[in-house]
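In this note's numbering, the protein residues as written are 245 to 597. One structure is given below, encoded as structure tokens.
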Ligand code: NAP
Ligand code: ZN
Ligand code: ZN
């Protein structure tokens, strides 16, 4: 076992603080990594505060992990010491069910093992995530990182990137379509970049007037302040597809009504409480309401390679781990441009204290 340091939430209503624990020694198929950067996803906040009512404490969040390989097990073929590597939201799955075999491990019938707050078959306790200095993961769940991109700005691709890339690909977003992205946060700004890169006429919906200029720079063809009813009404019945990346309560019907016949509204946001849907918003125009969870390992690699080729990364604000509680408070105020990423070198300040 190897000593590891990180930040954990000790309970739903206490701030995250310094936490030391252990990581397993690399098994034959394992890759051991030093974590250099980890993104701060709104799911980290939901889980640290038990908003999905499934959190095991202490909880070390973090599933947007990039770093360098420090050791590999005997049977590892994809990685060697010194390579850049990345880990996203999953560290394992059953690998045998229909979904795993189809490369859709996120939909594993036995549930994938999530990077944190999941059952760790090695330790018998919960998995611990990327707000830490190291991690050990089976190579089948470790991704290769394009070497031409800024490493800190790559970290958010591991969740915000794949979570938006996957549905945009699944629903075949392309040139000639009108596509909406709701919410300009971590997920939303990546969705905007991908929809634009796939050639769609991309419309960004925001509640924050101060994000309009950025949205246009990030690839939006149009920006709508969603609280402006007249502006919303002008776009009624005009969208092929809308991706909703909002983390809190909001009115889905307002977006369903913007879809054309057979249009789809796909949710990736996972607010704490259910969102009411009027059946009339769906019946008229035979609309569809769908959801999408992260993406499989092969598709995550495809997305990272696509980002390497097209020079796509996240817009980030680099923070120290000691600022993570403040970052959570800012997420709740939609005050994020557009992803907080933790510089893990800052953990050393705790060790020195
Ligand atoms: P985030 O960075 O906090 O962004 C959320 C954005 O939603 C905000 O920036 C804001 O955008 C908008 N928003 C917030 N409160 C709102 C409200 N009351 N009404 C309308 N809009 C509001 O969060 P994130 O990390 O992108 O995550 C977004 C959601 O996706 C979270 O619920 C997260 O748990 C979930 N998630 C799901 C998956 C998946 O696999 N499906 C993966 C990762 C995350 P504006 O300022 O532009 O309005
Ligand atoms: Zn996430
Ligand atoms: Zn499975």
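All C-beta atoms, glycine included, are put in the ideal place defined by N, C-alpha and C.
Between the stretch 408-423 and the stretch 552-568, can you find at least three pairs of beta-carbon atoms closer than 8 Å?
no
For residue 288 and residue 305, I'd like the C-alpha separation in whole angstroms.
5 Å
Considering only C-alpha positions, which residue in the set 326, 557, 530 and 334 is nearest to residue 539?
If we check each option's Cα against that of residue 539, 334 comes out closest.
Report the option in 548, 281 and 490 whose CA atom is closest to the CA atom of residue 374.
281
If I'm right that residue 372 touches residue 265 with Cβ under 8 Å, what's the distance once you round it to whole angstroms?
6 Å
Rounded to whole angstroms, what's the CA-CA distance from residue 452 to residue 247? Just pull it up for me.
C-alpha separation (whole angstroms): 43 Å.
Taking Cβ positions, are residue 275 and residue 357 nearer each other than 7 Å?
no
Candidates 548, 258 and 273: which alpha carbon is nearest residue 391's?
548
Does the distance from the CB of residue 565 to the CB of residue 586 come in under 7 Å?
yes
In its own chain, which residues sit with a C-beta less than 6 Å from the C-beta of residue 444, not counting the 5 before and 5 after it?
417, 421 and 423
Since residue 277 and residue 379 should fall inside the 8 Å C-beta cutoff, what is the C-beta to C-beta distance between them, to a whole number of angstroms?
With a Cβ gap of about 5 Å, residue 277 and residue 379 count as contacting.
Pull up the distance between the alpha-carbon of residue 579 and that of residue 428, whole angstroms please.
10 Å
So, with DSSP's three-state summary, where would you put residue 253?
strand
Return yes when the C-beta of residue 333 is under 6 Å from any heavy atom of ligand 3, and no when it is not.
no
Around the C-beta of residue 517, are 16 or more other C-beta atoms found within 10 angstroms, so that it is buried, or is it exposed?
exposed
Do residue 282 and ligand 2 come close, with the Cβ less than 6 Å from some heavy atom?
no
Only counting the same chain, and skipping five residues up and downstream in sequence, which positions put a Cβ closer than 6 Å to that of residue 292?
253, 303 and 305
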